[in-house]
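**Q**
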């Protein structure tokens, strides 16, 4: 079945790296996504990775995918206070139409 | 591009009243999704449409909820009668078919049912 798990909270100091983790159970994922939600706003796509890739880098963001362990991570380098938000991972399944299954979200708090 | 547009942004109503939420997807997108977000249940997919046709409505909580997409540029989510437990933020998202099927979210409608 579909199940996407994330830890609920992460606190880091400004300037440090943040690593947000996600595990999923369905091995038929085709794409995996990271979304960011700021207070009072909708979800904003940050990046996505195709399931046959191991890594994708986009400026301060690095996505790592370990298909064997069904583990996805998002690393934010030089974390800033503006990065404080809830981060959701999501997966798109083969044969699942084009709907996404979202994780529970990780609240990132960046402290000075 | 204006992005996904939702209205109203906030809605306060009394139990038993009918509520209609509206969504305008991004022009050219073929798929439209309705989600509900609460602290207790997180983000839940209610229903989605491809080319204006409902594909999966298994997330619609009960018969009080209905959704329509009369054309490619407009969708509604209706709750009748509304109940306090329907209080949540309702998001609409749209995506183009194919490729990464990336979904683009609207700003949401915060619904409070008293």
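Residue numbers (my numbering), protein chains in the order written: chain A, 1 to 112; chain B, 113 to 226.
The beta carbon of each residue, even a glycine, is placed where N, CA and C say it ideally should be.
Give me the subset of the stretch 193 to 212 of chain B whose CB atoms are less than 7 Å from a CB atom of chain A, sorted by chain position.
**A** 203, 207, 209 and 212
**Q** Check the Cβ of residue 110 (chain B) against every Cβ in chain A and list those closer than 9 Å, keeping chain order.
**A** This structure gives no information on residue 110 (chain B), because the portion of chain B shown stretches from 113 to 226.
**Q** How about the stretch 32 to 48 of chain A and the stretch 86 to 102 of chain A: do they share at least three Cβ pairs that are nearer than 8 Å?
**A** yes
**Q** Is it a yes or a no for the stretch 11 to 25 of chain A touching the stretch 63 to 77 of chain A, going by three-plus beta-carbon pairs under 8 Å?
**A** With a cut-off of 8 Å, the stretch 63 to 77 of chain A and the stretch 11 to 25 of chain A count as touching, because enough Cβ pairs lie within range.
**Q** What residues from chain A crowd round residue 226 (chain B), counting only those whose CB sits closer than 9 Å?
**A** What you label residue 226 (chain B) is simply residue 114 of the second chain in a count that begins at 1. Those within 9 Å of residue 226 (chain B) in chain A number zero; the least Cβ separation is about 21 Å.
**Q** Could you name the residues of the stretch 122 to 155 of chain B whose beta carbon sits closer than 8 Å to any beta carbon of chain A, in the order they occur along the chain?
**A** 143, 145, 154 and 155
**Q** Show which residues of chain A have a CB atom less than 9 Å away from the CB atom of residue 157 (chain B).
**A** Position 45 of the second chain, counting from 1, holds the residue named residue 157 (chain B). In chain order: 99, 100, 101 and 102.
**Q** Cβ atoms of residue 128 (chain B) and residue 42 (chain A): under 8 Å apart, would you say?
**A** Counting from one through the first chain, the residue named residue 42 (chain A) turns up at place 42. Counting from one through the second chain, the residue named residue 128 (chain B) turns up at place 16. The answer is no: Cβ separation not under 8 Å.
**Q** Less than 7 Å between C-beta atoms, sequence neighbours within five positions excluded: which residues of the same chain meet that for residue 110 (chain A)?
**A** On the first chain, residue 110 (chain A) is found 110 positions in, with the first residue counted as 1. Here residue 110 (chain A) has 12, 14, 79, 80, 81, 83 and 84 as same chain residues with Cβ atoms under 7 Å from its own Cβ, once five neighbours each way along the sequence are excluded.
**Q** Which same chain residues, not among the five before or five after residue 76 (chain A), have their C-beta less than 7 Å away from its C-beta?
**A** Position 76 of the first chain, counted from the start, is the residue given in the question as residue 76 (chain A). Same-chain partners within the cutoff: 17, 18, 60, 61 and 83.
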